[in-house]
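Its first residue numbered 1, the sequence shown is counted upward by one per residue in the UniProt record's numbering. Everything on this sheet refers to the single structure shown next.
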Amino acid sequence: MTSAPDILCIGSVLWDIIGRTPVHMAAGADVPGRITRLPGGVAMNIAMTLARFGLRPALLTAIGRDAEGDALIAEAARLGLDCGHVYRSDDLPTDRYMAIEGANGLIAAIADAHSLEAAGDKILRPLLDGALGRPGAYWRGPVALDGNLTLSLLADIAASTAFHEADLRIAPASPGKAERLVPLLPLTNATIYVNLEEAGIICQRRFASAAEAANGLIDRGARRVLVTDGARRAADGAPNGIVQADPPPVLVTRVTGAGDTFMAAHIAAERRGRNREQALAEALDAAALHVSGDIGS
1 MTSAPDILCI GSVLWDIIGR TPVHMAAGAD VPGRITRLPG GVAMNIAMTL ARFGLRPALL
61 TAIGRDAEGD ALIAEAARLG LDCGHVYRSD DLPTDRYMAI EGANGLIAAI ADAHSLEAAG
121 DKILRPLLDG ALGRPGAYWR GPVALDGNLT LSLLADIAAS TAFHEADLRI APASPGKAER
181 LVPLLPLTNA TIYVNLEEAG IICQRRFASA AEAANGLIDR GARRVLVTDG ARRAADGAPN
241 GIVQADPPPV LVTRVTGAGD TFMAAHIAAE RRGRNREQAL AEALDAAALH VSGDIGS
């Protein structure tokens with residue numbers, strides 16, 4: 001690809017190894033189902049969804065120079081993603097994520113994103129060396145940033161002038177990493193995407209609704225937040241008010257990647273000129289389609 005991308009997706013790009021079954025599961029269950037390997041990771045999931053909406057995302061991540069990494073790059077390129085700025089490591093393996101999902105939701109998951117964390121700021125070099133930006137002419141477009149980066153690197157991003165002109169869209173990688181977003185909350189060019197649990201972790205309190213959580217995050221200094229709560233009402237919060245919408249009722253057959261799909265669909269909707277109410281509704285519709293996807297029996 002030679003032209004500039006529409007958006008940068010910074011963070012985890014890895015292989016998702018997902019075991020799914022259409023039955024309810026408990027700890028220790030041994031049931032039939034399907035095991036798949038698909039491109040995943042927060043940055044990858046967002047980029048794939050953006051590509052389906054007609055945008056051209058570029059990936060900034062770390063991928064090993066191993067067979068799994070070569071296959072992942074090839075698949076990303078096939079999906080229309082710009083991989084020309086990916087940091088390829090000779091000594092770090094390609095990251096992986098493993099999850100078990102049942103009819104009652106996510107049972108357990110392990111994210112092995114150690115290579116991304118070890119690569120550190122090497123993945124950001126294209127924003128400084130002229131490939132995507134340089135001092136005096138930094139990237140000014142949208143950036144989807146995930147919380148799989150280390151706390152120190154996220155703090156550096158919050159302080160870096162390289163991101164001050166960008167439209168930052170940020171999401172935690174998981175509830176366990178939600179606190180990593182705290183340094184990014186005060187940025188005036190940042191929109192934070194979280195679920196109700198993650199909002200509670202960031203604010204160190206429990207919230208009864210997405211709207212309450214959105215207000216809590218605004219009180220903590222956030223400029224704008226999108227809070228989801230599964231099948232319950234979601235909220236778009238900003239200092240000038242809260243917008244709410246209900247997700248369409250669907251039968252949930254998968255959960256991995258739902259938040260990433262919501263975020264990408266919301267970004268795409270706003271790039272098409274949708275207002276806050278319309279963008280929130282379209283993002284909820286896209287997430288509902290994702291979680292209701294067919295599952296093999």
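Don't be surprised by glycine CBs; every beta carbon is placed ideally from N, CA and C.
Exercise for the section: Quick one: residues in its chain with C-beta nearer than 6 angstroms to the C-beta of I242, no 5 flanking neighbours on either side, listed in chain order? Expected result: Apart from the 5 residues on each side of it in sequence, I242 sits with its Cβ closer than 6 angstroms to the Cβ of A211, A214 and A235 in its chain, given in chain order.
Problem - As assigned by DSSP and simplified to three states, the class of S174 - result: Under the three-state reduction of DSSP output, S174 falls in the coil class, being neither helix nor strand.
Problem - Coarse secondary structure for R140, derived from DSSP in three states - result: DSSP places R140 in coil when its eight states are reduced to three.
Handout entry: Segment contact, 8 angstroms Cβ cut-off, at least three pairs: the segment 122-136 with the segment 95-105
Key = They do not touch, by the three-pair rule.
Exercise for the section: Would you grab the beta carbon distance between I218 and T191 for me? Rounded to a whole angstrom, and I think it's under 8 angstroms. Expected result: The C-beta distance from I218 to T191 rounds to 12 angstroms, too long to fall under 8 angstroms, and the pair is not in contact.
Handout entry: Reduced DSSP secondary structure (H/G/I, E/B, other) of residue 298
Key = This structure does not reach residue 298, given that the chain is present from 1 up to 297, and the question cannot be answered.
Problem - Distance between beta carbons of L168 and L145, contact taken as under 8 angstroms - result: 6 angstroms between Cβ atoms; contact.
Handout entry: Supposed contact pair A58 and V13 - C-beta distance, whole angstroms, cut 8 angstroms
Key = Not a contact, Cβ separation roughly 11 angstroms.
Practice task
Report all residues from its chain with a CB closer than 6 angstroms to the CB of T36; omit the five preceding and five following residues, and keep chain order.
Solution key: Excluding positions up to five away in sequence, the list reads I18.
Exercise for the section: With a 10 Å radius around its C-beta and 16 neighbouring C-beta atoms as the bar for buried, classify I10 as buried or exposed. Expected result: Classification of I10: buried, given that the 10 Å Cβ count is 16 or more.
Practice task
Pick helix, strand or coil for L127, following the three-state DSSP scheme.
Solution key: Helix at L127.
Handout entry: Inter-residue spacing [alpha-carbon to alpha-carbon] between Q204 and G147
Key = So the alpha carbons of these two residues sit roughly 18 angstroms apart.
Handout entry: Local Cβ density within 10 Å of P30, reported as buried at 16 or more and exposed below that
Key = In the sequence as displayed, the identity of residue 30 is Asp instead of Pro. By the 10 Å Cβ count, D30 comes out exposed.
Handout entry: Cα-Cα separation between G64 and I107, rounded to whole angstroms
Key = C-alpha separation (whole angstroms): 29 angstroms.
Handout entry: R20, DSSP secondary structure in three states
Key = Annotated three-state conformation of R20 is strand, per DSSP.
Practice task
Could you work out which residue in A111, A131, A208 and T188 is closest to A173 when comparing CA atoms only?
Solution key: In terms of Cα proximity to A173, the closest of A111, A131, A208 and T188 is A111.
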